[in-house]
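Residue numbers (the numbering used here): 1150 to 1825. Yeah, the Cβ is synthetic: ideal placement off N, Cα and C, and Gly gets one too. In this text the structure is predicted, and so the values were computed from the model without any measurement. Since the structure comes first, as structure tokens, the remarks are kept for the end.
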Ligand code: IVH
């Protein structure tokens, strides 16, 4: 975060920020990511602090907020819509907490540990709903916080917003505050169909939500998948009825106003940090975009004592996640050859930090995607990296396209082995037909073979596999088992010690399990779960090899496509030789016993399942137990041997206790199932 060195630089920055603010708020079509805007804005604030006499009244810091668009009627909020202060790390979150403690102590209101309402920070558009006598009469955007835009007609099209509140105890006037978001799946669907129609697409769900709400024609809004989540109230004469903010949210829920499932209450700093971390882990799985956690002092008295500082409450904080989006420039487009010959175009990027890591490559998925998004070398693009997902190019900033750029043309030959590429019917990807004769596919399949969930050869990373093949030391996975210390230690960056370690790891991997071995073969469509099914059901590699397509299809969760792929793999001479070579090189696994019914470990044992299990569904647990010979029944009696109680177990648990039936937990269950 820099500082402007001259007044001219400062004025230039003001100009830049104003331009971006307009693209963001008015056009819903930003050219830079939020985090980049924030960073520029911080530079502006710092510069203004250092050189107050430079401040111009058109600086974004000098206006209350953005002007509402004049296409909508303006409405005055009955209570202002405020904003939140942000923190970005644990230290600053701790400092926020300490400030609270200090202020409350000074006000003689110290509570032992401060209780909070913990909420997601929804990444959408703020909305104020006004209900009179329980009827929805107005929906308004935040605008400048005092005056917003009347978007009632559009708001009425959002299915989850009640037009009439439920219940009797409803104040004459009630302002409800919350956020409108577009769910991620709806956003994807919308962008796809917009593209097909040749309409404008959105860079992310937030812009899509904002763009949808600011439509002049509510019939268009009605077609957009929008959701609303409340996080508080504005005007009401109800605050005297409540002690805590969380009670207000629960009351809103009872009126039929949506409140998100992740909202909860907690106490103290460490619980806030835990909540933040858990929410971050859940972030990718949620169907809506969130960009942090919000912590609000739950007690309304304490809130009053703490009060506000300019436009934000002292009693609340937004603890933001690292940004998942950034803009950068595509320096080149290459194609990569995958393990199964798939050709994936990859954008080589000017390095940029996204989600806390430096990103230099982003997938462009396939030819159709490149065409759809019209991505070209030299383009400025939005890059997104969500959770563990591979970074991807989301959208091109067309305004920044350099003159004379050319559309990308897919190569017709494999960049590694030169074979003519082909595109199977019904597939979006081009493929190299050469199989293991193509060096790229060979390398990728050996990397997969050595990977953690496959043969788990510790220390054999991607670079080392490349080196071994490039040096001509191995040509197949089986060759790994014939490597010598002197061969390995001769490689760049490999000493004697690391060579010994690698040899040991390779040797250790010889003792494996059948599911790992099947998975390591890298059969198309056979992931870990399918490998496990094949091993558990058919017990030996010979039995798998001898199975017909029809027999394979009879197995749980194996459909015709997967059955065909498995059958084709095992009925190919080269693959048979690969398997034989691996077995000849010393790979072994424990024999899976053919269990006869009398020897099953849970024979004659009666079990009842109750409550929620975290690692598997109840029907999976039931099937697993039955395979071990157990009788799984629905009700508890004195003949029941065990009741497996998950979370929130109810009457069955109580009954078990009253009949003194042994109650066991999910760990016990998992232990039993691992005997399979
Ligand atoms: S409370 C007085 N809670 O963040 C406090 N705001 O930076 C008012 N937002 O304009 C805001 N999730 O649109 C609050 N759980 C949440 C929120 C939230 C998202 C947005 C809101 C507001 C902005 C403030």
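Mind reading off the beta-carbon distance from residue i to residue j? Whole number of angstroms is fine, and I expect it under 8 Å.
{"i": "residue 1473", "j": "residue 1535", "result": "5 Å"}
{"i": "residue 1288", "j": "residue 1300", "result": "5 Å"}
{"i": "residue 1445", "j": "residue 1394", "result": "5 Å"}
{"i": "residue 1298", "j": "residue 1345", "result": "Contact flag wrong, Cβ pair sits at about 30 Å."}
{"i": "residue 1666", "j": "residue 1579", "result": "Actually they do not touch by this definition, with Cβ atoms about 31 Å apart."}
{"i": "residue 1172", "j": "residue 1178", "result": "6 Å"}
{"i": "residue 1616", "j": "residue 1632", "result": "That pair is no contact at about 12 Å."}
{"i": "residue 1602", "j": "residue 1618", "result": "No, residue 1602 and residue 1618 are not in contact; Cβ-Cβ is about 22 Å, not under 8 Å."}
{"i": "residue 1542", "j": "residue 1530", "result": "5 Å"}
{"i": "residue 1778", "j": "residue 1749", "result": "3 Å"}
What does a CB cutoff of less than 7 Å around residue i pick up in its chain, not counting 5 residues either side in sequence?
{"i": "residue 1194", "result": "1210"}
{"i": "residue 1643", "result": "1637"}
{"i": "residue 1551", "result": "1527"}
{"i": "residue 1707", "result": "1679, 1682 and 1701"}
{"i": "residue 1604", "result": "1598, 1658, 1661, 1665 and 1669"}
{"i": "residue 1429", "result": "1470"}
Residues bridged to residue i by DSSP?
{"i": "residue 1737", "result": "1660"}
{"i": "residue 1571", "result": "1580"}
{"i": "residue 1469", "result": "1441"}
{"i": "residue 1544", "result": "1531"}
{"i": "residue 1761", "result": "1796"}
{"i": "residue 1262", "result": "DSSP lists no partner for residue 1262."}
{"i": "residue 1280", "result": "1285 and 1323"}
{"i": "residue 1503", "result": "1506"}
{"i": "residue 1235", "result": "1467"}
{"i": "residue 1298", "result": "1223"}
{"i": "residue 1560", "result": "In DSSP, residue 1560 forms no bridge with anything."}
{"i": "residue 1476", "result": "1531"}
{"i": "residue 1481", "result": "1497"}
Are residue i and residue j closer than 8 Å when you measure CB to CB?
{"i": "residue 1442", "j": "residue 1270", "result": "yes"}
{"i": "residue 1637", "j": "residue 1626", "result": "no"}
{"i": "residue 1392", "j": "residue 1449", "result": "yes"}
{"i": "residue 1480", "j": "residue 1463", "result": "no"}
{"i": "residue 1575", "j": "residue 1545", "result": "no"}
{"i": "residue 1710", "j": "residue 1677", "result": "no"}
{"i": "residue 1815", "j": "residue 1795", "result": "yes"}
{"i": "residue 1701", "j": "residue 1712", "result": "yes"}
{"i": "residue 1331", "j": "residue 1361", "result": "yes"}
{"i": "residue 1319", "j": "residue 1283", "result": "yes"}
{"i": "residue 1485", "j": "residue 1525", "result": "no"}
{"i": "residue 1754", "j": "residue 1790", "result": "yes"}
{"i": "residue 1819", "j": "residue 1775", "result": "no"}
{"i": "residue 1263", "j": "residue 1416", "result": "yes"}
{"i": "residue 1515", "j": "residue 1540", "result": "no"}
{"i": "residue 1690", "j": "residue 1728", "result": "yes"}
{"i": "residue 1370", "j": "residue 1303", "result": "yes"}
{"i": "residue 1611", "j": "residue 1654", "result": "no"}
{"i": "residue 1483", "j": "residue 1577", "result": "no"}
{"i": "residue 1311", "j": "residue 1406", "result": "yes"}
{"i": "residue 1756", "j": "residue 1785", "result": "no"}
{"i": "residue 1335", "j": "residue 1276", "result": "no"}
{"i": "residue 1235", "j": "residue 1475", "result": "no"}
Please work out which residues of its chain come closer than 8 Å, Cβ to Cβ, to residue i, disregarding the five sequence neighbours upstream and downstream, and give them in chain order.
{"i": "residue 1583", "result": "1490, 1563, 1566, 1568 and 1590"}
{"i": "residue 1231", "result": "1294, 1457, 1460, 1461 and 1462"}
{"i": "residue 1571", "result": "1579, 1580 and 1582"}
{"i": "residue 1659", "result": "1630, 1734, 1735, 1736 and 1737"}
{"i": "residue 1771", "result": "1758 and 1781"}
{"i": "residue 1214", "result": "Here the model assigns residue 1214 a pLDDT of 38, short of 50, so the residue's position is not dependable and the matter cannot be decided."}
{"i": "residue 1250", "result": "1259 and 1263"}
{"i": "residue 1162", "result": "1153, 1189, 1192, 1193 and 1196"}
{"i": "residue 1204", "result": "1197, 1210 and 1211"}
{"i": "residue 1451", "result": "1253, 1258, 1260, 1263 and 1464"}
{"i": "residue 1305", "result": "1285, 1288, 1312 and 1367"}
Which same chain residues end up closer than 6 Å to residue i when comparing Cβ atoms and leaving out the 5 residues on each side of it in sequence?
{"i": "residue 1404", "result": "1314, 1315 and 1316"}
{"i": "residue 1266", "result": "1394, 1395, 1414, 1445 and 1447"}
{"i": "residue 1454", "result": "1256 and 1258"}
{"i": "residue 1783", "result": "none"}
{"i": "residue 1307", "result": "1375 and 1377"}
{"i": "residue 1609", "result": "1599"}
{"i": "residue 1719", "result": "1694"}
{"i": "residue 1465", "result": "1233 and 1445"}
{"i": "residue 1216", "result": "Because the pLDDT of residue 1216 is 44, which lies under 50, any placement of that residue in the model is unreliable, and the question is left without a value."}
If we define contact as Cβ-Cβ less than 8 Å, is residue i a contact residue for chain D?
{"i": "residue 1712", "result": "Among the chains of the structure shown, chain D does not appear; only one protein chain is present."}
Around the ligand IVH, what residues have a beta-carbon under 6 Å from a heavy atom of it, in chain order?
1231, 1232, 1233, 1268, 1270, 1271, 1275, 1291, 1328, 1380, 1381, 1443, 1462, 1465 and 1467
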